[in-house]
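Note sheet for the following structure.
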Amino acid sequence: GRRRDEVGIELDHFITDAVAQGSPVVVVVHGRGQGIIKSEVDSWLRRDKRVEGFKPDPKNPGQMVVRLRG
Numbered sequence: 104g105r106r107r108d109e110v111g112i113e114l115d116h117f118i119t120d121a122v123a124q125g126s127p128v129v130v131v132v133h134g135r136g137q138g139i140i141k142s143e144v145d146s147w148l149r150r151d152k153r154v155e156g157f158k159p160d161p162k163n164p165g166q167m168v169v170r171l172r173g
């Protein structure tokens with residue numbers, strides 16, 4: 104798993120790669136656990152200008168479906 108302080112770095116690299124590849128939607132796996140990483144992912148995605156929107160995956164509560172700006 105990831106530590107809380109690693110979340111931003113990992114997400115930035117992941118989103119940068121997805122944007123470069125032209126991916127309109129990505130899935131971020133934060134896991135179930137105590138919700139600490141999920142909370143950090145949520146906070147980070149809200150601040151990133153490349154993210155158009157996101158929501159919990161209805162099929163898997165340990166993931167977020169993220170829509171990127173095109």
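Residue numbers for the sequence shown, in our numbering: 104 to 173. Even glycine gets a Cβ: it sits at the ideal position worked out from N, Cα and C. Remember, it's a predicted structure, so these values are computed and weren't measured experimentally.
{"Item": "Would you give the residue range spanned by the beta strand (DSSP E) that residue 160 belongs to?", "Value": "154-160"}
{"Item": "Under the rule that 16 or more other beta-carbon atoms within 10 Å means buried, what is residue 117, buried or exposed?", "Value": "exposed"}
{"Item": "Are residue 135 and residue 156 close, meaning C-beta to C-beta below 9 Å?", "Value": "no"}
{"Item": "CA-CA distance, residue 158 and residue 167?", "Value": "6 Å"}
{"Item": "CA-CA distance, residue 124 and residue 137?", "Value": "32 Å"}
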